Each structure stands twice: as C-alpha cells, then as structure tokens.
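Undergrad: I'd like to ask some things about the structure below.
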Amino acid sequence: MQELHDAPLAPLTTFRLGGPATRLVTATTDDEVIAVVREADDSGTPLLVIGGGSNLVIGDKGFDGTALVVATRGFALDGTRLELAAGEVWTDAVARTVEAGLAGIECLAGIPGSAGATPIQNVGAYGQEVSATITEVVAYDRRTRQTVTLGNEECAFSYRHSRFKSDPERYVVLRVRFGLEDAGGLSGPVKYAETARVLGVAPGERVPLATARETVLKLRAGKGMVLDPEDHDTWSAGSFFTNPILTDEDFTVFRARVRERLGDGVEPPAYPAGEGRTKTSAAWLIDKAGFTKGYGRGPARISTKHTLALTNRGEATTEDLLALAREVVAGVRETFGITLVNEPVTVGVSL
5 MQELHDAPLA
15 PLTTFRLGGP
25 ATRLVTATTD
35 DEVIAVVREA
45 DDSGTPLLVI
55 GGGSNLVIGD
65 KGFDGTALVV
75 ATRGFALDGT
85 RLELAAGEVW
95 TDAVARTVEA
105 GLAGIECLAG
115 IPGSAGATPI
125 QNVGAYGQEV
135 SATITEVVAY
145 DRRTRQTVTL
155 GNEECAFSYR
165 HSRFKSDPER
175 YVVLRVRFGL
185 EDAGGLSGPV
195 KYAETARVLG
205 VAPGERVPLA
215 TARETVLKLR
225 AGKGMVLDPE
235 DHDTWSAGSF
245 FTNPILTDED
255 FTVFRARVRE
265 RLGDGVEPPA
275 YPAGEGRTKT
285 SAAWLIDKAG
295 FTKGYGRGPA
305 RISTKHTLAL
315 TNRGEATTED
325 LLALAREVVA
335 GVRETFGITL
345 VNEPVTVGVS
355 L
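For what it's worth, our numbering labels the leading residue of the sequence shown as 5, then goes sequentially.
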C-alpha cells in the first residue's frame with residue numbers, strides 16, 4: 005500500500021483537473037481498501053474513493069482528507085460467470101470477455117474507468133447497460149462495517165443510477181459479478197440504431213463479437229470518447245450530462261416549446277423510458293440551444309467531435325470547466341425549459 009501527502013489528483017482524472025489531496029493512499033487488495041476506509045471512518049476523516057477517475061470533477065482547491073485509489077486486480081471467469089475486482093480496467097476486461105467468446109458487455113468497449121465504478125453509474129452505451137448482466141456486487145458497507153453481497157434487484161438500478169449512487173457515503177464496491185452469454189461467438193442482439201446501421205444489420209440481429217466491439221470503438225473514437233493523451237477532445241468525462249427523462253405532460257410542454265423556438269416541422273428526439281415517461285437527447289438540446297461542437301472561448305470548451313462532452317484543452321482549471329457547464333445548463337433551460345443534470349461526480353464544487 006502506497007501513501008503520499010499533498011499529492012496531486014489531476015493526473016488521476018481523465019479531465020486532468022483538480023487540486024491536491026491531503027493524503028493519497030493506493031490500495032491493491034480488498035483488505036487494504038477496507039482498512040483505509042475504516043481508518044478514515046474511525047477518525048472522522050473525509051474520504052474520496054477513486055477508481056479510473058473518468059467520472060470525477062475535483063475542485064481546484066483539491067480534497068482535504070484521504071483520497072483512496074482502488075488498484076485491486078482480479079479477472080475470474082467460470083463458464084459464463086465473470087467476477088472482476090473493482091480496480092480492473094474496464095475496457096481491458098471487456099476485451100477479454102470478447103476474446104473468451106462471451107456476449108453481454110461487448111458494446112461497452114472503450115468506456116474509460118474501473119470495473120468498480122460501473123454499477124454505481126449503471127454504465128451504459130450503444131444499447132447495453134451493465135445492469136442487464138450484473139448478478140451481484142460485493143461491497144464494504146460503511147454503516148454496518150461489514151462486507152456485503154447485493155443481488156441485482158438490491159442494487160436498485162435505473163438509468164445512470166443505482167443504490168450506490170443514491171447513498172454515496174455508504175458503500176465501497178470491492179467486486180462485481182456478471183452473468184454473460186455464450187452465443188457461439190456472436191454478440192448480444194444489436195439494439196442501438198446507429199450501431200445497427202453501421203454494421204448493416206437490422207436491430208435485434210447478432211454479429212460476431214469482435215466486430216461489435218471494433219465497431220463501437222470506432223464510433224466512440226469518432227466522438228472523442230476513447231482516451232488519447234494527444235487528443236484534447238478526450239480530456240473529458242465522456243457525456244457530461246444525462247439524457248432528460250420527462251413525464252408525458254412535461255414532454256408535451258417541451259414539444260410545444262421546440263416548435264415555438266425551432267419551427268412547426270421540428271420534432272425533438274423521443275425514446276420510451278417506461279410507462280408515462282419519455283427520454284430525450286441532451287446532446288440535441290445542447291446543440292439546438294446554440295452550443296455547437298467546439299463552442300467556447302477559453303481553455304474549457306465543448307468537444308469538437310461531440311456536443312455532450314465538455315473538455316479541457318490543456319490549460320483549463322476546474323472553475324473554467326464549471327463556468328462552461330453552467331452556461332450550457334442556463335442556455336438549455338432558457339431555450340427549452342429543461343434543466344440538464346451533470347453525470348460526473350463533483351468533489352468540493354457544484355454546478
């Protein structure tokens with residue numbers, strides 16, 4: 005276990021933003037993780053748990069407390085059952101399941117971060133969400149001071165949300181277990197329209213696993229969503245805002261506002277999101293409110309490849325990023341009456 009003091013946190017995040025931590029500890033086993041958490045709880049020290057740093061916005065003043073980097077490793081495959089240690093690099097784990105001929109998470113290729121973060125956010129992209137394959141999450145419960153195993157239903161998954169996200173101070177994820185599918189080397193049914201179009205198949209069809217993964221990686225790279233140290237469009241947290249989910253009544257009001265602002269022939273994106281609810285596109289809202297690709301005058305700007313990603317062009321501060329985010333939120337609210345919600349976790353700051 006490594007310990008540093010007054011240690012910079014910016015290099016541990018994909019934004020490359022944020023001030024130092026009073027104390028930075030890197031744990032490589034579950035026991036070390038639990039020991040650090042218990043020590044912080046016993047002493048009343050604020051604790052920040054860091055995985056891959058791909059969903060963190062840390063304030064310029066840093067973190068006055070213990071920052072814990074979960075660097076545990078473990079990839080165990082038993083038939084179609086997979087167990088990942090929380091510190092496993094997610095995109096590497098996806099690649100290994102594809103190599104093993106197992107379907108279920110192949111369209112989540114290229115997503116930065118660690119395996120332990122995936123259930124917290126219910127990570128999803130290109131028609132797949134981890135909640136569809138997660139069977140159990142092993143976590144340390146800071147309230148009971150015990151290691152617990154939570155089944156899928158106990159995790160209370162919903163769109164980019166979970167029990168872990170709703171109660172962020174309670175659980176520290178240690179291991180994640182998945183139930184994958186052996187479809188004879190084929191992917192799960194292709195659900196996302198863009199993926200199906202690029203693959204040249206109808207939605208619901210299957211393709212070779214490697215083809216599905218490679219296609220998703222190319223699509224993500226084209227949007228600046230695959231990490232590249234030389235490409236500032238990838239110095240981001242991926243999608244900065246979640247797609248709004250509206251009640252039928254709210255969607256009717258929104259639709260009328262769209263026609264008022266953009267013309268009678270314009271229809272906003274609409275996707276079923278459960279009974280009486282419709283999901284629309286945050287990227288569409290941002291673009292139509294006037295915040296197009298590359299928007300911004302300072303060192304923090306909207307990606308030149310995707311309107312949903314806010315980026316650090318190399319010299320930004322966290323305050324630069326937040327100023328841009330607030331401008332986008334205010335503009336979308338004024339134009340369409342919808343308040344966007346940030347997807348990354350903020351530390352020491354807020355929108």
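Ideal placement from N, C-alpha and C gives every residue a C-beta, glycine not left out.
These figures come from a predicted structure and were not determined experimentally.
Tell me whether Phe-67 sits in a helix, a strand or coil according to DSSP, three-state version.
TA: Residue state, collapsed to three classes: strand.
Undergrad: In the DSSP output, which residue or residues are listed as bridge partners for Gln-357?
TA: The first residue shown for the chain is 5 and the last is 355, placing residue 357 beyond what the model contains.
Undergrad: Taking all protein chains shown into account, do 16 or more other C-beta atoms lie within 10 angstroms of the C-beta of Thr-311, making it buried, or fewer, making it exposed?
TA: Buried, since its Cβ has 16 or more Cβ neighbours within 10 Å.
Undergrad: Between Val-141 and the rest of its own chain, which residues show a CB-CB distance below 7 Å, the 5 nearest in sequence each way excluded?
TA: Excluding positions up to five away in sequence, the list reads Pro-123, Leu-154, Cys-159, Val-177 and Val-180.
Undergrad: So what's Pro-116 in DSSP terms, helix, strand or just coil?
TA: Coil, per DSSP.
Undergrad: If we call anything under 8 Å between Cβ atoms a contact, is Gly-114 one with Arg-224?
TA: Against a cut-off of 8 Å, the Cβ pair of Arg-224 and Gly-114 comes out as a contact.
Undergrad: Comparing C-alpha positions only, which one of Gly-335, Glu-347, Gly-204 and Gly-208 sits nearest to Gly-242?
TA: Here the closest residue by C-alpha is Glu-347.
Undergrad: Around the C-beta of Thr-101, are 16 or more other C-beta atoms found within 10 angstroms, so that it is buried, or is it exposed?
TA: Counting Cβ neighbours within 10 Å, Thr-101 comes out buried, since at least 16 surround it.
Undergrad: Within a Cβ cutoff of 7 Å, which residues of the same chain sit near Lys-169, ignoring the five residues on either side of it in sequence?
TA: So the qualifying residues of the chain are Ile-124 and Gln-125.
Undergrad: What span of residues does the alpha helix (DSSP H) with Phe-168 cover, start to end?
TA: Counting along the chain, the alpha helix (DSSP H) containing Phe-168 begins and ends at 167-170.
Undergrad: If we ignore side chains and look at the alpha-carbon of each, how far apart do Tyr-196 and Gly-131 end up?
TA: Distance between the alpha carbons of Tyr-196 and Gly-131 is about 5 Å.
Undergrad: Of the residues Phe-244, Val-351, Val-37 and Thr-339, which one's Cα is nearest the Cα of Arg-265?
TA: Looking at the Cα atoms, Thr-339 is the closest of the given residues.
Undergrad: Whether or not the region 103-114 and the region 181-196 are in contact is what I'm after, with contact meaning three or more pairs of Cβ atoms, one per stretch, closer than 8 Å; do they touch?
TA: A contact exists between the region 181-196 and the region 103-114.
Undergrad: Between Thr-296 and Ser-307, how many whole angstroms is the CB-CB distance? I'm expecting something under 8 Å.
TA: At roughly 11 Å, the Cβ-Cβ gap does not stay under 8 Å, so Thr-296 and Ser-307 are not in contact.
Undergrad: Can the beta-carbon of Val-29 be found less than 8 Å from the beta-carbon of Val-41?
TA: Their beta carbons are not under 8 Å apart, which means Val-29 does not touch Val-41 by this criterion.
Undergrad: Tell me the DSSP secondary structure of Lys-292 in three-state form.
TA: Correct three-state label for Lys-292: helix.
Undergrad: Among Leu-60, Glu-92, Asp-82 and Leu-21, whose alpha-carbon lies nearest the alpha-carbon of Ala-31?
TA: It is Glu-92 whose Cα lies nearest to the Cα of Ala-31.
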